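Residue numbers (the working numbering), protein chains in the order written: chain H, 1 to 394; chain E, 1 to 367.
Worksheet: one structure, shown below.
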Amino acid sequence: MALSYLRSSSSRSANLLKPLSSGLSLRSPISTDTTPITVETSVPFTSHRCDAPSRSVETNPKELLTFFRDMALMRRMEIAADSLYKAKLIRGFCHLYDGQEAFAVGMEAAITKKDCIITAYRDHCTFMGRGGTLLEVFAELMGRQAGCSKGKGGSMHFYKKDSNFYGGHGIVGAQVPLGCGLAFAQKYSKDETVTFAMYGDGAANQGQLFEALNISALWDLPAILVCENNHYGMGTAEWRAAKSPAYYKRGDYVPGLKVDGMDALAVKQACKFAKEHALKSGPIILEMDTYRYHGHSMSDPGSTYRTRDEISGVRQERDPIERIRKLILSHDLASEKELKDIEKEVRKEVDDAITRAKESPMPEPSKLFTNVYAKGLGVESFGADRKEVRATLP
Amino acid sequence: MFGVVKQKMLRLSLTQIRPAVSALRSYSSAAKQMTVREALNSALDEEMSADPKVFLMGEEVGEYQGAYKISKGLLEKYGPERVLDTPITEAGFAGIGVGAAYYGLKPVVEFMTFNFSMQAIDHIINSAAKSNYMSAGQMSVPIVFRGPNGAAAGVGAQHSQCYASWYASCPGLKVLMPYSSEDARGLLKAAIRDPDPVVFLENELLYGESFPVSDEFLDSSFCLPIGKAKIERVGKDVTITAFSKMVGHALKAAEILEKDGIDAEVINLRSIRPLDRSTISASIRKTNRLITVEEGFPQHGVGAEICASVVEESFAYLDAPVERIAGADVPMPYAANLERMAVPQVEDIVRAAKRACYRSEPLAAVA
């Protein structure tokens, strides 16, 4: 399970056997090693109305290295986006995911591209996990043609339907009923696949979530609701927003599981468990205990409602990439230098993608009027001055 | 009098207009009749039969046979997987419908009335209407939101609003409003087949009304084009645009006006978005006078859009200011006499048409 990375403008799955362009020796053979390794999750799972899965997770060197690389890529991508935003190349909203990467990679390790994922606006890394490319991310953030939504969506509206990634939604909580709708359609079509509908601790209090959960439970939909609890809904701490911040229990009659969301292997185990459950018995809630290093968005410093000590504490104790690095080193699967080289490589990929993205032009003016409808029926549409600018919708 | 009747018959034979409901039914004794309810039911039935991706979801649509019996018999025919009774949670089930449409199914989501659609309006606008645009074409949303809209009888302020102008202002939506059985059947079939989100606004008071229908209409492939208005009555002196129940009022007004020598052209809009501006424009250029009729609140209404459009496109053709007849600018009262004042009546349309023809009674002194 590997992310695409930029070699050319077309997305291509990463070929880990390809030699490094810097001329170093061939990559270590552990990248294809699938010898099973068993690792214990950081903490046991806490369950509500179900039997928690085992703490022992099966993995292998290839998977661990993929986790490391993918998370390092996501991390670098988000940090680069921060710089681009400050340079005013990204406008409007930009919600960064750094700190939460373990969920995106752990979930992908447990599912297929036929399972559906839907999330809110903190979607850059989720999009990458579904096979999106760095070029598509940066170009979209900068509003260029090469973007995944051709520059018309922006940070909050990434989609990749061919890998069953349904966005990318700006209205807090709306994605949960939509996700249950995807699950409905999967069951209707007898596809034997599931939907992961992701939301935050802020959205967890939304009424429509409970409406959708009620219907999902009544109709036994294969919906997995994932609360990425980073403990702050915008600037409001969870204990100030939720009378009961035990989000995994909030489903009441729906089973739930609380997971250390900074542990990619725990995430993988939980998602695997959830998928099996959802296919057999209907909806389940996963609560991921996670953390975002950045503020809610680029307009929020993130330090007026949290202490710097808290943020650096989490970074030191629970960082998802460091966890995997320690695991790889302790199991002697790669050297420190090899891991550092991967990080350097990843940095270069990100820089190259940004250069390519900057070269991509902004959309043609005629694109203002495209895709309003799937079938425009030759209807007229208007610009600000309708005597000056009119278009026929195809 | 005889001359008027002769004129009427001549017009009928020349233009083959479908006769309006009551008075002219006797001319079409051979034709089949169908109520709007039956027309909608048959459209749902046939589209569900033709395409297994189409399913119906809403409150009481299944076991209760539909709150207004529009979905009668469908649960029995298609089963509970395709005809789904939902809890009374509009935001939840509308969102689920849109999600299913994202995946590629073709949901028909029923709101018991469109007053309740406000609970789900975020999904209609932000999740459905805008998705194809925001995703540059990746996420089309082939969903139909349907149900009764506008005033019924005596149901009060919270159950009587018309949502035509609210939804029709939003790019990415299509808004259809049938009047006759032909409209109901043809437009609903078109809506279900359309790959974009369609808001299909019916009218409870029209469900039981019967209209004559042709053989072509009865064929399962019958479909009406979206975005095309229908000229229900050809005229030359004044254009009256109307939609839904008001079409009936406009036709009655036209009969009354005829006795006074005013030949009104009645346009049944059918499609509020896209609006058939070219049909309206062509009519204005012929008659030079316009009355817009709608049931909903007047401010920022459909009539306002039509007036602006006509002024922009055909100003030189107007011989009189555009007249707007709309619901009263108040929440719908309950008392029968006040309710009557809150909704356009036939005499309101007649009066406005006469004003536009400079044939009105002297205006009352300004209060």
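By construction, the Cβ of each residue, glycine as well, lies at the ideal position given by its N, Cα and C atoms.
Since this is a predicted model, take the numbers as computed values, not measurements.
| Asked | Found |
| --- | --- |
| Classify residue 356 of chain E as buried or exposed, calling it buried when 16 or more other Cβ atoms lie within 10 Å of its own Cβ. | buried |
| Are the C-beta of residue 386 of chain H and some C-beta of chain E separated by less than 8 Å? | yes |
| Based on the DSSP secondary-structure assignment, which residues constitute the bridge partners of residue 288 of chain H? | H/228 and H/259 |
| Determine, for residue 93 of chain E, whether the minimum Cβ-Cβ distance to residues of chain H falls below 8 Å. | yes |
| In the segment 272 to 289 of chain E, which residues sit with their C-beta less than 8 Å from some C-beta in chain A, listed in chain order? | Annotation note: the requested chain A is absent from the structure, which comprises protein chains H and E. |
| For the structure I just gave you, are there three or more beta carbon pairs, one from the segment 141 to 148 of chain E and one from the segment 76 to 91 of chain E, closer than 8 Å? | no |
| Using only alpha-carbon positions, find the residue among H/65, H/251 and H/225 that is nearest to residue 181 of chain H. | H/225 |
| As a quick exercise: from E/349, E/179 and E/197, pick the residue whose alpha carbon is nearest that of residue 292 of chain E. | E/349 |
| In chain order, what residues of the same chain lie with their CB nearer than 6 Å to the CB of residue 231 of chain H, ignoring the 5 residues before and after it? | 238 |
| With three or more C-beta pairs closer than 8 Å as the rule, is the segment 311 to 324 of chain E touching the segment 175 to 190 of chain E? | no |
| Start and end of the alpha helix (DSSP H) containing residue 371 of chain H? | Looking at the DSSP string, residue 371 of chain H is not in any alpha helix (DSSP H), and its letter there is neither H nor E. |
| Identify the continuous beta strand (DSSP E) that holds residue 145 of chain E and give its terminal residues. | 144 to 148 |
| In chain order, what residues of the same chain have a beta carbon less than 6 Å from the beta carbon of residue 65 of chain H, not counting five sequence neighbours either side? | 31 |
| Would a C-beta distance cut-off of 8 Å place residue 222 of chain H and residue 186 of chain H closer than the cut-off? | yes |
| With C-beta atoms as the reference, is residue 140 of chain H less than 8 Å away from residue 158 of chain H? | yes |
| Can you grab the Cα-Cα spacing for the pair residue 375 of chain H / residue 79 of chain E, in whole Å? | 31 Å |
| Which residue's Cα is closest to the Cα of residue 146 of chain H: H/363, H/367 and H/382? | H/363 |
| So, under 8 Å CB-CB, residue 87 of chain H and residue 354 of chain H are touching, yes? Tell me the CB distance rounded to an integer number of Å. | That pair is no contact at about 10 Å. |
| What three-state label does DSSP hand residue 48 of chain H in the structure shown? | strand |
| Which residue comes first and which comes last in the alpha helix (DSSP H) that contains residue 389 of chain H? | Run containing residue 389 of chain H: none; DSSP gives neither H nor E here. |
| Which residues of the segment 212 to 245 of chain H have a Cβ closer than 7 Å to any Cβ of chain E? Give them in chain order. | 212, 214 and 215 |
| Tell me, please, whether the CB atom of residue 11 of chain H is closer than 8 Å to any CB atom in chain E? | Per-residue confidence for residue 11 of chain H stands at a pLDDT of 41, beneath the threshold of 50, marking its modelled position as unreliable; no derived number is given. |
| Quick check for students: name the residue ranges of the alpha helix (DSSP H) that lie wholly in the segment 267 to 342 of chain H, counting only runs of 4 or more. | 308 to 318 and 320 to 330 |
| At what residues does the alpha helix (DSSP H) containing residue 197 of chain H begin and finish? | Note, residue 197 of chain H: premise wrong, no alpha helix (DSSP H); beta strand (DSSP E) at 195 to 200. |
| Taking 8 Å as the CB-CB limit, is residue 152 of chain H close to chain E? | yes |
| Give, in chain order, every residue of the segment 171 to 188 of chain E whose Cβ lies closer than 7 Å to some Cβ of chain H. | 171 and 172 |
| Chain H beta carbons: is any one of them nearer than 8 Å to that of residue 75 of chain E? | no |
| Based on the DSSP secondary-structure assignment, which residues constitute the bridge partners of residue 382 of chain H? | H/390 |
| Whole alpha helix (DSSP H) runs in the segment 237 to 319 of chain E with 4 or more residues, listed along the chain? | 245 to 259, 277 to 287 and 302 to 314 |
| Under 8 Å: do the segment 235 to 250 of chain E and the segment 264 to 273 of chain E share three or more Cβ pairs, one atom per stretch? | yes |
| Could you check where the alpha helix (DSSP H) with residue 126 of chain H kicks off and where it finishes? | 124 to 129 |
| Quick one, which of E/346, E/58, E/35 and E/273 has its alpha-carbon nearest residue 165 of chain E's? | E/273 |
| So which residues on chain H does residue 98 of chain E lean against when the C-beta distance must stay under 7 Å? | 178 and 181 |
| Show which residues of chain H have a CB atom less than 7 Å away from the CB atom of residue 122 of chain E. | 171 and 174 |
| With the cut-off set at 8 Å, would you say residue 156 of chain E and residue 48 of chain E are in Cβ contact? | no |
| Taking beta-carbon pairs under 7 Å, can you tell me which members of the segment 256 to 268 of chain H lie near chain E? | none |
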